[in-house]
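Below is one structure, written out as structure tokens, with a few remarks after it.
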Amino acid sequence: MKNGVKIISFANHKGGVGKTTTTASVGSILASQGKQVLVIDLDAQANLTASLLHGESDVSIYNALVGNESLPVVDINPNLHLVPASLGLAMADLELASAMARERILAELIDEVKDNYDYILIDCPPSLGLLTLNAFTASNEIIIPLVAEVLPFKGLTMINNFIDMVRKRLNPQAHVTGILITRWENTNLSKQIEQGMRAQLGQLVFQTKIRKNVTIAEAPLESKNIVEYAPKSNGAKDYKAFTEELKKLFGEK
Ligand SMILES: Nc1ncnc2c1ncn2[C@@H]1O[C@H](COP(=O)(O)OP(=O)(O)O)[C@@H](O)[C@H]1O
Ligand SMILES: [Mg+2]
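With the working numbering applied, the sequence shown covers 107 to 359.
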């Protein structure tokens, strides 16, 4: 029996900050350590689906959200399981506009399967819309990946206001677990922004940062995660270190 499943959303309304890469990498690493992991693609662009499956998926979370079906789960390997997305998901916001309890649909779908897993990781779309609302209603833990290019406080305020609303109305347990600096470069700008963030946000910023590393961008093209594709790369090292930091935070070995 799996007790205490961790359900984690990776979210930021900005695109290109590493949400999908982080979901795929952390999911694959946890699975390789013997955890039962479900990763959920909640983005109509279906990048997570493409990076884990060879070719497109013929099932999609869309049918579960809109069509009252149960979550479609594809086994990537014995420990890693995927709920795929498809382009059709782009219509879900509109189609669910008048659905009853439309913010809780994903939470209810996850409830049906969560006992099978140690970790459920949700890759959110780059917007603070109904799909992200569903993700935050379903998950207590929210991790925000961001690129240290400009001071991110304005963007963080937007996400925090959104989470406050979720806490008041939908899920009182939802909270930011931490902020993950991604695509970090060894430049004065990156360093200054990192310092500024640590000064302002303290413990909320994960110790581990993910360095900019071209092999990270190459791996999904081969439908591989960074740890399989280039186990000795900085990308693999950083994501392994981040996964360890996360497990420690949750009091796990
Ligand atoms: N640390 C990194 N170094 C280099 N490229 C990265 C890194 N993290 C992500 N990328 C690349 O940047 C792009 C955006 O990343 P992605 O994970 O898809 O972001 P998001 O899901 O937030 O839109 C992808 O092409 C990805 O391969
Ligand atoms: Mg993405």
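All C-beta atoms in this analysis are idealised placements derived from N, C-alpha and C, irrespective of residue type, glycine included.
Fair warning: this is a prediction, and the values are worked out from it, not measured in the lab.
Alpha-carbon spacing of K108 relative to H119, whole angstroms | Taking the sequence shown and counting its residues from 1, the one referred to as residue 108 is at position 2. Taking the sequence shown and counting its residues from 1, the one referred to as residue 119 is at position 13. With a pLDDT of only 49 at K108, under 50, the local geometry of the prediction cannot be trusted, and the value read off the model is given with reservation. Rounded to whole angstroms, K108 to H119 spans 32 Å at the Cα level.
What are the boundary residues of the alpha helix (DSSP H) that L144 is part of?
-> On the sequence shown, residue 144 is found 38 positions in, with the first residue counted as 1. For L144, there is no enclosing alpha helix (DSSP H); the enclosing beta strand (DSSP E) has its first and last residue at 143–147.
Identity of the residue in E218, P190, S204 nearest A156 by Cα = Position 50 of the sequence shown holds residue 156. Taking only the C-alpha atoms, the option nearest A156 is P190.
C-alpha distance - L171 paired with I113, whole-angstrom precision | The residue labelled residue 171 in the question sits at position 65 within the sequence shown. The residue labelled residue 113 in the question sits at position 7 within the sequence shown. Their Cα atoms are separated by approximately 18 Å.
Can you find a heavy atom of ligand 2 that lies under 8 Å from the Cβ of N331?
-> On the sequence shown, residue 331 is found 225 positions in, with the first residue counted as 1. It does not: the Cβ of N331 is nowhere closer than 8 Å to a heavy atom of ligand 2.
Of the residues I211, N169, P184, which one's Cα is nearest the Cα of L193?
-> Position 87 of the sequence shown, counting from 1, holds the residue named residue 193. L193 has its Cα closest to that of N169, out of I211, N169, P184.
Straight-line gap, T314 to G110 (C-alpha atoms, nearest Å) | For the purposes of this step, residue 314 is taken as residue 208 along the sequence shown, with counting starting at 1. For the purposes of this step, residue 110 is taken as residue 4 along the sequence shown, with counting starting at 1. Computed Cα separation, rounded: 24 Å.
Would you mind listing the beta strand (DSSP E) stretches within the region 122–177 that are 3+ residues and don't spill past its ends, in chain order?
-> 143–147
Less than 8 Å between the CB atoms is what I'm expecting for L237 and L148, so what's the real figure, rounded?
-> In the sequence shown, counting from the first residue as 1, residue 237 sits at position 131. In the sequence shown, counting from the first residue as 1, residue 148 sits at position 42. Their Cβ separation, rounded to whole angstroms, is 5 Å, which keeps L237 and L148 in contact under 8 Å.
May I ask you to verify whether the region 127–144 touches the region 221–229, counting CB pairs closer than 8 Å and requiring at least 3?
-> Touching, yes, given that three or more Cβ pairs across the two stretches are closer than 8 Å.
Could you work out which residue in G341, N266, R273, T293 is closest to L307 when comparing CA atoms only?
-> Position 201 of the sequence shown holds residue 307. For L307, the nearest C-alpha among the options comes from N266.
So who's on the other strand from I228, going by DSSP bridges?
-> Along the sequence shown, one-based indexing puts residue 228 at 122. S115, I146.
G264 and L286 look like a contact to me (Cβ under 8 Å); what is the Cβ gap, rounded to whole Å?
-> Mapped onto the sequence shown, residue 264 falls at position 158. Mapped onto the sequence shown, residue 286 falls at position 180. Note that residue 264 is Met in the sequence shown, not Gly. Contact flag wrong, Cβ pair sits at about 17 Å.
Straight-line gap, L276 to T243 (C-alpha atoms, nearest Å) = As a first step, residue 276 must be located in the sequence shown, where it is residue number 170. As a first step, residue 243 must be located in the sequence shown, where it is residue number 137. The straight-line gap from Cα to Cα measures roughly 6 Å.
CA-CA distance, A347 and S204?
-> Translated into positions along the sequence shown, residue 347 becomes position 241. Translated into positions along the sequence shown, residue 204 becomes position 98. Looking at the two C-alpha atoms, the distance is approximately 43 Å.
Looking at V320 and ligand 1, is the gap between the Cβ and the nearest heavy atom below 8 Å?
-> Here residue 320 corresponds to residue number 214 of the sequence shown, with the count starting at 1. V320 Cβ: within cutoff of ligand 1.
Residues near Q279 in its chain [Cβ-Cβ closer than 6 Å; skip 5 each side] = What you label residue 279 is simply residue 173 of the sequence shown in a count that begins at 1. N246, listed in sequence order.
Have a look at Q139, T126, F116, G122 and flag the residue whose alpha-carbon is nearest the alpha-carbon of K353.
-> By 1-based counting over the sequence shown, the position of residue 353 is 247. It is Q139.
When E255, S166, N183, T129 are compared against W290, the one with the closest alpha-carbon | One-based indexing of the sequence shown puts residue 290 at position 184. It is E255.
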